[in-house]
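Numbering (my numbering), first residue to last: 1 to 268. We put the beta carbon where it would ideally sit given N, CA and C, even for glycine. None of the values given here were measured: they were computed from a predicted structure. Here the structure comes first, spelled out in structure tokens, and everything after it is commentary.
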DNA sequence: TTAAGTGTTGCTCT
DNA sequence: AAGAGCAACACTTA
């Protein structure tokens with residue numbers, strides 16, 4: 001679930017509720033979730049430090065602390081971030097937790113343990129080291145860059161949108177959503193899209209992601225608040241197109257299933 | 001009860 | 001060398 005819009009919601013949660021707070025204690029409940037640093041070391045690095053800001057690049061969340069280092073979080077397939085009130089108990093599957101001086105805290109919850117937490121020196125160095133492409137929603141990511149990325153690829157447009165090394169933030173769910181909104185068949189070779197079609201896709205991609213964020217993204221309860229023409233709530237076996245009610249079709253690729261409307265997104 | 005499914009990594013094969 | 005396909009990771013839900 002956590003793709004760009006979902007992680008952006010987490011970022012705003014941290015920015016609104018944790019910025020300026022002093023980390024009283026960092027607790028690692030599951031050492032398997034921590035990468036490149038010992039839980040002990042991580043706890044020592046964070047204790048007593050103030051949270052400066054929350055940033056995001058693609059599906060990665062960065063909680064920047066005053067030492068100028070940042071806690072990097074990836075949520076895997078179903079992780080989330082939840083505020084824990086001072087008197088509250090931590091949610092099930094909490095793998096790590098930050099406790100603030102007021103007694104309340106922030107829980108990193110991840111049932112399937114597919115996510116990762118690490119520490120980095122800066123967002124830019126982490127992004128460079130990981131080889132991540134530009135954030136799909138970054139203001140500096142211009143349409144000309146997008147079209148040139150597509151123009152070089154013979155792969156399916158869906159695979160290109162999901163490739164974090166080409167651009168960061170879009171996964172299986174939102175690649176389906178974006179292509180549905182743009183009315184493009186997911187298996188279309190990226191390079192075969194006309195320049196104007198690619199430019200329109202770029203705009204649709206940004207609008208769709210922004211709209212998802214506006215609606216609260218991710219969480220199941222947000223599904224009801226999404227625009228009526230969103231594919232997301234319908235992308236399951238037996239689901240029908242929110243526009244023309246045609247039975248949705250699926251396309252396999254990269255070990256996952258893509259949903260699309262065979263009528264609105266015909267294969268050319 | 002079996003299988004699919006959200007993402008990433010790393011490996012093999014073409 | 002790009003790109004396709006697969007298994008692995010752990011667990012829930014249909």
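| Query | Result |
| --- | --- |
| For the stretch 35-81, list the alpha helix (DSSP H) runs that are entirely contained and at least 4 residues long, ordered along the chain. | 39-46 |
| Suppose you measure from the CA of residue 154 to the CA of residue 189; what does that come to, to the nearest Å? | 5 Å |
| Inspect the CB distances between the stretch 226-242 and the stretch 160-169 and report whether three or more fall short of 8 Å. | no |
| Based on Cα-Cα distance, which residue from 148, 170, 149 lies nearest to residue 59? | 170 |
| Between the Cα of residue 80 and the Cα atoms of 103, 215, 111, 57, which residue gives the shortest distance? | 111 |
| Confirm, please, whether the CB-CB distance from residue 99 to residue 24 is below 9 Å. | yes |
| Where do the ends of the alpha helix (DSSP H) carrying residue 99 lie? | Residue 99 -> not in any alpha helix (DSSP H); beta strand (DSSP E) instead, spanning 94-100. |
| Please classify residue 215 as buried or exposed, where buried requires at least 16 neighbouring CB atoms within 10 angstroms. | buried |
| Could you give the C-beta distance for residue 8 and residue 56, rounded to a whole number, given that I count them as a contact under 8 Å? | 6 Å |
| What span of residues does the alpha helix (DSSP H) with residue 124 cover, start to end? | 123-130 |
| Which runs of the alpha helix (DSSP H) at least 4 residues long sit entirely within the stretch 159-185? Give them in chain order. | 172-182 |
| Measure from the alpha carbon of residue 46 to the alpha carbon of each residue in 32, 72, 30, then state which is nearest. | 72 |
| Pull up the distance between the alpha-carbon of residue 151 and that of residue 210, whole angstroms please. | 25 Å |
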